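Notes for the one structure printed next.
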Amino acid sequence: MRRLVTCLAAGLLLAACAPKATDAPLQPERLDTLEPPCWWVGMKTPLQLLVRGEGIGAYDVRIEGGKGVKVAAVYPAESPNYLFVDVSIANNAAAGSYKLVFSRGEECFAVPYELAARKEGSAERKGFGSGDAIYLIMPDRFANGDPSNDTVPEMREAASPEAFFGRHGGDIRGIRDHLGYIADLGFTAIWNTPLLEDDQPRQSYHGYACTDYYRIDPRFGTNEDYRDLVEDAHAHGIKMIMDVVTNHCGSLHWWMADLPFADWIHQWPSYTQSNYIFSTLNDPYASQIDRTRMEEGWFDRSMADMNLDNPYLLRYFQDWAVWWTEWAGLDGFRVDTYPYNEKEPMSQWCAAVLAEYPNLNIVGEVWSNNVPQVAYWQAGNPNKDGFNSHLPSVMDFCLMSAIGSGIGAERGD
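So in the working numbering, the last spot in the sequence shown is 755, and the numbers never skip.
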């Protein structure tokens, strides 16, 4: 199971030394997915595991390996191939390798799970801010530092540098090779468009149709390559902002073949696209059909609309954001198509991330030239409907439009 490899290679070695209450054999291959793939002691964020494997919904789950760590609750999904597992981690729980033991009758097997120690000061990390100069990179178009990963046999789209919408070969190594150049230009932060796996068959270079939220696209590099990039960037005085998409996933994401719940995504009798009119979400006179079409319509045929009103999906994305921040050492997030998400759950998402990292920054893409429309999504804005997004910052497309008009306008007499 590839998602275990990132965090648990050491855990497999440590498991032999952990206290054993059973002789359940270690069989991580019995699971297709275990996310988050590892966690930390001393976190405020409650841990909920997404477990996927054939028939796993019929199994009981417990944790072995030390005091203070236990299964608090297990929730079956509508699909028999999923479980959602709440894990309780006491404040005095020790870092180390634990075992998730799955049992059904007399059958049982175990999967190692690592709880690591946090880096000192992790929770107090300071995110990017108005004092930073941010350099935007589309990785596939920036620099090709490792031609060997331009085409990966397991991925649906091969490199095609001559095609306008094809993959051109830029990667994480290319960014790392140019950190000195970026620092010399005076930039203090990098916002790169998504690096997570986008295994769609066409136009996957942009990365906005994610097919695995815990895996860097192998045509860009590995999870470890990304963590090394963040570390190297910090050594150059550069902060790293991760571009994330919670509104939609790729239509070929692995869970699309077997959804945990029917309402994991928004489904329609036939393909229904968003109307892209997010003013309907704060217009008291908008029709419900327009609001629904805006919020639940698909952004594109290749981008399935996620339903954050599903509490398990919301928890999944909360833990996922915290995991990447802690694991890679991030300085913040840029959230794509922010108003297209269900606004109340997304407000909870922001609040959850900031509860773990109070000084982190999150900026939302609110693409509008209307000042009141943009302001509605800013945390603490005195909205008439009482809505508070908890979103610390919004992208200022109003200013962008004004600058463009000013530069492009003909000079008057």
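Cβ atoms here follow ideal geometry from the backbone N, Cα and C, with glycine treated the same way. Only a predicted model underlies this, so the values are computations on that prediction, with no experimental measurement involved.
Simplified DSSP state of residue i, which is helix, strand or coil
i    : result
I431 : strand
W709 : coil
F675 : strand
R643 : coil
N491 : helix
A400 : helix
S629 : coil
L391 : strand
R498 : coil
K726 : coil
W381 : strand
A360 : Reliability fails at A360, whose pLDDT of 37 lies under 50, so the model's placement of it is uncertain and no value is given.
L702 : coil
L354 : Because L354 sits at a pLDDT of 39, beneath the cut-off of 50, its placement in the model cannot be relied upon, and the point is left open.
L373 : coil
K756 : Nothing about residue 756 can be reported from this structure: the residues present for the chain run from 343 to 755 only.
L521 : helix
S731 : coil
M688 : helix
L623 : helix
L655 : helix
I749 : helix
W719 : coil
L681 : A small fix is needed here, since residue 681 is Pro in this sequence, not Leu. Helix.
L696 : helix
A744 : helix
A599 : helix
A670 : helix
Residue i versus residue j - alpha carbon distance
i    : j    : result
I580 : F729 : 34 Å
R515 : S490 : 11 Å
E707 : V716 : 9 Å
V429 : M636 : 36 Å
R498 : D541 : 6 Å
M737 : W709 : 8 Å
E698 : Y440 : 23 Å
A577 : L478 : 19 Å
M645 : F562 : 21 Å
T588 : D374 : 22 Å
V695 : I431 : 18 Å
S421 : Y401 : 13 Å
G487 : N534 : 16 Å
P757 : D474 : No information on residue 757 is available, as it lies outside the stretch 343 to 755 that the chain covers here.
E462 : V411 : 22 Å
R483 : R404 : 46 Å
M584 : G447 : 44 Å
P454 : Y417 : 20 Å
C740 : G671 : 31 Å
A692 : W669 : Here residue 692 is Cys; the residue named in the question, Ala, does not match the sequence. Straight-line Cα distance between these residues: approximately 18 Å.
C450 : P367 : 8 Å
T564 : E573 : 14 Å
R460 : A744 : 44 Å
T679 : G407 : 42 Å
L391 : Y682 : 26 Å
L538 : D492 : 15 Å
E396 : V713 : 50 Å
Beta-bridge partners of residue i, as assigned by DSSP
i    : result
Y417 : F426
M480 : Answer is none; M480 lacks a bridge partner.
T614 : According to DSSP, T614 bridges with nothing at all.
W665 : Partner(s): none; W665 has no beta bridge.
R509 : A501
M737 : DSSP lists no partner for M737.
M648 : I607
L368 : A452
Below-7 Å beta-carbon distance, residue i vs any chain C residue
i    : result
I431 : This model lacks chain C altogether; it includes just one protein chain.
Any non-hydrogen atom of the ligand GDP within 6 Å of residue i CB
i    : result
I607 : This structure simply doesn't include the ligand GDP, nor any ligand for that matter.
- Can you list the beta strand (DSSP E) stretches of 3 or more residues lying completely in the segment 527-594, in chain order? Along the length of the segment 527-594, whole beta strand (DSSP E) runs at least 3 residues long occupy 531-534, 554-558, 581-586 and 590-592, reported in chain order.
- Item | Length-filtered (3 minimum) beta strand (DSSP E) runs lying within the segment 427-473 | If one requires a minimum length of 3 residues, the beta strand (DSSP E) runs lying completely within the segment 427-473 are 438-446 and 449-458, in chain order.
- Do the segment 498-517 and the segment 531-547 make contact, defined as three or more Cβ pairs closer than 8 Å? Touching, per the Cβ criterion.
- Query: Would the segment 652-659 and the segment 676-694 be scored as touching if the rule is three or more Cβ pairs under 8 Å?
  - Reply: Between the segment 652-659 and the segment 676-694, the count of Cβ pairs shorter than 8 Å is three or higher; the stretches touch.
- Count the CB pairs spanning the segment 518-533 and the segment 625-642 that are closer than 8 Å, and state whether there are at least three. As far as the Cβ criterion goes, the segment 518-533 does not touch the segment 625-642, which means the pair count is below three.
- Item | Segment contact, 8 Å Cβ cut-off, at least three pairs: the segment 661-672 with the segment 603-621 | At 8 Å Cβ cutoff, the stretches do not touch.
- Assess, as a yes-or-no matter, whether the segment 583-603 is touched by the segment 548-557 under the definition of 3 or more beta carbon pairs within less than 8 Å. Result yes; three or more Cβ-Cβ pairs closer than 8 Å.
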